Amino acid sequence: MGRGSTSRKTRGGAIALHQGAAYSWEAMHLPGFFTAPFRLRTWKETAYALVALPLGVAWFILFLTLGTTSLSTLIMVVGLPLLVLTLWLTRLASRVQREVAGALLDARIPGRPDVTASADQPWWRRLLEPLLDLSTWRALVYLLILAFPLGLALFIAAVVLWSVAFTAVSAPTWYFWIPPENRGDVFGTVIDAPWEWIVLVGGGLLLVFLTPWIIRALVWFDVVLMRALLGPTRGELERAAAKSAEQRDHAVAAATGYRRQIERDLHDGAQARLVSLAVDLGRARRRLEEGGSSEEASELVRTAHEEAKQALSEIRDLARGIHPAVLTDRGLDAALSSLVARSPVPVSLRAELGDQRAPEQVESAAYFVVAEALTNVARHSQADRAAVSVVRDDGVLVVEVRDDGVGGADDAEGSGLVGLRDRVGALGGTLVVESPPGGPTAITAVLPCG
Amino acid sequence: MRVVIVEDSGLLRDALTRLLADFEIEVVAAVATAEEVRRAAEEHAPDVFVVDVRLPPTFTDEGVRAAADLRSRDPEAKVLLLSQAVEERYARDLLAQRSEGLGYLLKDRVADGAEFVEAMRRVAAGGTALDPEVVRQLLVRHRAIDDLSPRERQVLELMAEGRTNAAIASRLVVTDRAVEKHVASIFGKLRLPPSPEDHRRVLAVLAWINSD
Chain A
5 MGRGSTSRKT
15 RGGAIALHQG
25 AAYSWEAMHL
35 PGFFTAPFRL
45 RTWKETAYAL
55 VALPLGVAWF
65 ILFLTLGTTS
75 LSTLIMVVGL
85 PLLVLTLWLT
95 RLASRVQREV
105 AGALLDARIP
115 GRPDVTASAD
125 QPWWRRLLEP
135 LLDLSTWRAL
145 VYLLILAFPL
155 GLALFIAAVV
165 LWSVAFTAVS
175 APTWYFWIPP
185 ENRGDVFGTV
195 IDAPWEWIVL
205 VGGGLLLVFL
215 TPWIIRALVW
225 FDVVLMRALL
235 GPTRGELERA
245 AAKSAEQRDH
255 AVAAATGYRR
265 QIERDLHDGA
275 QARLVSLAVD
285 LGRARRRLEE
295 GGSSEEASEL
305 VRTAHEEAKQ
315 ALSEIRDLAR
325 GIHPAVLTDR
335 GLDAALSSLV
345 ARSPVPVSLR
355 AELGDQRAPE
365 QVESAAYFVV
375 AEALTNVARH
385 SQADRAAVSV
395 VRDDGVLVVE
405 VRDDGVGGAD
415 DAEGSGLVGL
425 RDRVGALGGT
435 LVVESPPGGP
445 TAITAVLPCG
Chain B
7 MRVVIVEDSG
17 LLRDALTRLL
27 ADFEIEVVAA
37 VATAEEVRRA
47 AEEHAPDVFV
57 VDVRLPPTFT
67 DEGVRAAADL
77 RSRDPEAKVL
87 LLSQAVEERY
97 ARDLLAQRSE
107 GLGYLLKDRV
117 ADGAEFVEAM
127 RRVAAGGTAL
137 DPEVVRQLLV
147 RHRAIDDLSP
157 RERQVLELMA
167 EGRTNAAIAS
177 RLVVTDRAVE
187 KHVASIFGKL
197 RLPPSPEDHR
207 RVLAVLAWIN
217 SD
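Quick mapping for you: the protein sequence lines, in order, are chains A and B.
With the first letter of the first sequence counted as 1, position 364 gets the number 368 in the working numbering; the numbers rise by one all the way through.
With the first letter of the second sequence counted as 1, position 71 gets the number 77 in the working numbering; the numbers rise by one all the way through.
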């Protein structure tokens, strides 16, 4: 255990370092300085500066209203649901803010890794989970207190600096169209001396080249704050890394256990069958060599023949248990059909898999969830019928097997369900077994599939 | 001859019973677990136990432990172990105590009916029967074996399996005298004093292997 946790810490650190890359400044050398106004990046940053204000205002109004309402009514019952809603909206808003920043700035701000929520928990625990989640509250601090002033500063800086710069630079093209008596109003003084023109246009030009860097500095400050308040904490990253390391360990253990199972099946099934077959053939041979009754010998050969066929079918079943060929050749839909067709309990099948095939390991995991569940249905459930549904929807594959049996399915250590849970977990999915004593049983696996 | 079979696979239990019946060997009990074998031992006092290495509940080495248990309760108990795959480690542990009346064979050998029965008889008579595969694994562990010529090594392996000079001679298609010469040479190279009895030679070889 001790060794495991040390190595996980290291992995967590590696991830934390990886995401902490600084907001890039593109070395401020001379050509870089002069080309900034002509770069796409500069204008994307300006766009962000303009968008940040409406976003900040929206967050401010939304969360000020929700926050004060829910806090003031917290003493009554309505406050709590409202607060929970506020926090869920905080997560959503944080995501929108991060997406906007990610789209317009060279700053990928990673979201909070999914470390606390788990499908194993009851729904109300999952619902209330943000209340105790520090990073959600941190995100609220940014959205409610910082987003608005930051947006305002960015907006003002971008609008004022760019307008002043362009007004000054372009002055020679429009200044003389203004009636002479009004010319003094534009810059506070009438521009007529050559040195005044040099100062105006030169200053404007300087501002054109300086503005990108001023905006970039402000954006940098915002990105730093977003990273700190909307991004994951180090602890969360470490927990996420530990979780994925745990999943990996489980996957390795599952694979080892699975290989052991295959070896057992081979020895106890096919090998025992073949030894028995060889014994019977040997006996038949001795009968024939010793000139004994050929009737007895032919009976032995007949038995041996049956055993040979049995061995073939056992090996075929075993191979299918390792990886069914139909899954590779014809895909999950066909493989499920053959699974369902082999079930001794009548099973209905609903498969909505879309046009594109899911990744191989996802198909394989889905197949084995259904296979194991149907095996349990046949062996333990005493069910009259079962239903299999495999539906691909919005980046996940939802696998569900229900039966009307006696329930009490056990996913304790040693059961096939544990192996499935590890297999599903290794793909970042979840497996939920609902099987109260007396039934019915429902096994649901949710597998992410990009 | 009376036999107790300890084997969890019903298929193999039946196959063994059928095979032994052909050789007029009586199977007095055929049980599936290591717990049952103790009772069968008291009840039937068989000439030999045929024990699967892997038995429930954990399917690891319950059979080896059951064999050790049988032999510690009754020093006269003869045990022939059957294994899916040979593990030199198990053989070494068992032989370290005593090699009389002990056999360790691959399950596959059951298929060679007559040879299997011969090995069983040898064990029942207090001899030793080791699978050639086990012997090979035991021998590769020993560096001094490098001194032997390929032929001598063959002879040693057959000796370790518990065969007589005559059996070795017929197996290698050479004269008895040639085998005797090889045996003398092996004992010379391994610094073992020669002994007239076949069975003792095996013990000597095993003792040498275990002295490692």
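Yeah, the Cβ is synthetic: ideal placement off N, Cα and C, and Gly gets one too.
Treat the numbers as computed from the prediction; the structure is a model and nothing was measured.
(1) Report the option in A:PRO236, A:ARG287, A:LEU57 whose CA atom is closest to the CA atom of GLU30 (chain B).
(2) Can ILE218 (chain A) and LEU204 (chain A) be called in contact, C-beta distance under 8 Å?
(3) Could you give the distance in angstroms between the alpha-carbon of GLU300 (chain A) and the alpha-carbon of VAL394 (chain A)?
(4) Ordered along the chain, which non-local residues of its own chain (more than five positions away) have a Cβ less than 8 Å from that of PRO363 (chain A)?
(5) Run through the DSSP bridge pairs and tell me what ALA107 (chain A) is partnered with.
(6) Taking 8 Å as the threshold (beta carbon to beta carbon), is ALA25 (chain A) in contact with chain B?
(7) Given this structure, state the Cα-to-Cα distance separating VAL185 (chain B) from ILE174 (chain B), to the nearest angstrom.
(8) Where does ASP118 (chain B) fall in DSSP's three states?
(9) Using a Cβ-Cβ cut-off of 8 Å, state whether GLY239 (chain A) counts as contacting chain B.
(10) If distances are taken between C-alpha atoms only, which option among A:ARG99, A:PRO440, A:LEU132 comes closest to PRO85 (chain A)?
(11) Can you give me the C-alpha to C-alpha distance between LEU3 (chain A) and ARG396 (chain A), rounded to a whole angstrom?
(12) Starting from ILE113 (chain A), follow the beta strand (DSSP E) in both directions and report where the run begins and ends.
(13) Can you tell which of A:ARG425, A:ALA62, A:HIS384, A:VAL190 has the C-alpha that lies nearest to the C-alpha of ALA413 (chain A)?
(14) Excluding five sequence neighbours on each side, which residues of the same chain lie with their C-beta closer than 8 Å to the C-beta of VAL471 (chain A)?
(15) State the Cα-Cα distance for the pair LEU75 (chain A) and LEU96 (chain A), rounded to the nearest angstrom.
(16) For a contact defined as C-beta to C-beta under 8 Å, what are the partners of GLY119 (chain B) on chain A?
(17) DSSP has GLY109 (chain B) in a bridge; who is on the other side?
(18) Counting only beta-carbon atoms, is VAL116 (chain B) nearer than 8 Å to chain A?
(19) Please classify ALA91 (chain B): does DSSP put it in a helix, a strand, or coil?
(20) Any beta carbon of chain A sitting closer than 8 Å to that of LEU26 (chain B)?
(21) Select from A:VAL279, A:ARG102, A:ALA221, A:PRO176 the residue whose C-alpha is nearest the C-alpha of ASP118 (chain B).
(22) Could you check the C-alpha separation between ALA130 (chain B) and VAL9 (chain B) for me, to the nearest Å?
(23) Since SER393 (chain A) is in the beta strand (DSSP E), which residue starts that stretch and which ends it?
(24) Checking 8 Å against the spacing of the C-beta atoms, do LEU86 (chain B) and VAL56 (chain B) come in under that value?
(25) By DSSP's criteria, ILE230 (chain B) is part of a beta bridge. Which residues make up the other side?
(26) May I have the straight-line CA-CA distance separating THR46 (chain A) from ALA169 (chain A), to the nearest angstrom?
(27) For ILE266 (chain A), report the span of its alpha helix (DSSP H) as first-last.
(28) So the alpha helix (DSSP H) ALA56 (chain A) belongs to, where does it begin and stop?
(29) Could you tell me the alpha carbon to alpha carbon distance between ASP398 (chain A) and ARG361 (chain A), rounded to whole angstroms?
(30) Would you please state the rounded distance, in angstroms, between the beta carbons of ALA36 (chain B) and ARG19 (chain B)? I believe it to be under 8 Å.
(31) Does ALA276 (chain A) come within less than 8 Å of chain B when only Cβ atoms are used?
(32) Would the beta-carbon of HIS254 (chain A) fall within 8 Å of that of ASP388 (chain A)?
(33) Counting C-beta neighbours from all protein chains within 10 Å, is the total for SER317 (chain A) 16 or more, i.e. buried, or is it exposed?
(34) Kindly indicate which residue of B:ALA120, B:GLN160, B:LEU61 has the alpha-carbon position closest to the one of GLU139 (chain B).
(35) Output needed for GLY442 (chain A): all residues of its chain with C-beta closer than 6 Å, excluding positions within five of it in sequence on either side, in chain order.
(36) Show which residues of chain A have a CB atom less than 8 Å away from the CB atom of LEU18 (chain B).
Reading off the structure:
(1) A:ARG287
(2) no
(3) 53 Å
(4) CYS453, GLY454
(5) Paired residue(s): none; ALA107 (chain A) is not in a bridge.
(6) For ALA25 (chain A), the predicted structure reports a pLDDT of 46, less than 50, and the residue's modelled location is therefore unreliable. A value from the coordinates is still provided. So, not an interface residue.
(7) 7 Å
(8) coil
(9) no
(10) A:LEU132
(11) This structure cannot settle anything about residue 3 (chain A), because the visible part of chain A is limited to 5 through 454.
(12) Run containing ILE113 (chain A): none; DSSP gives neither H nor E here.
(13) A:HIS384
(14) Outside the shown range of chain A, which is 5 to 454, sits residue 471 (chain A), and nothing can be said about it.
(15) 20 Å
(16) VAL283, GLY286, ARG287, ARG290
(17) B:LEU86, B:ALA135
(18) yes
(19) coil
(20) no
(21) A:VAL279
(22) 9 Å
(23) 390-397
(24) yes
(25) For chain B, the structure presents residues 7 to 218; residue 230 (chain B) sits outside this window and is missing.
(26) 15 Å
(27) 238-269
(28) 44-76
(29) 14 Å
(30) 5 Å
(31) yes
(32) no
(33) exposed
(34) B:GLN160
(35) GLY411
(36) ALA276, VAL279, SER280
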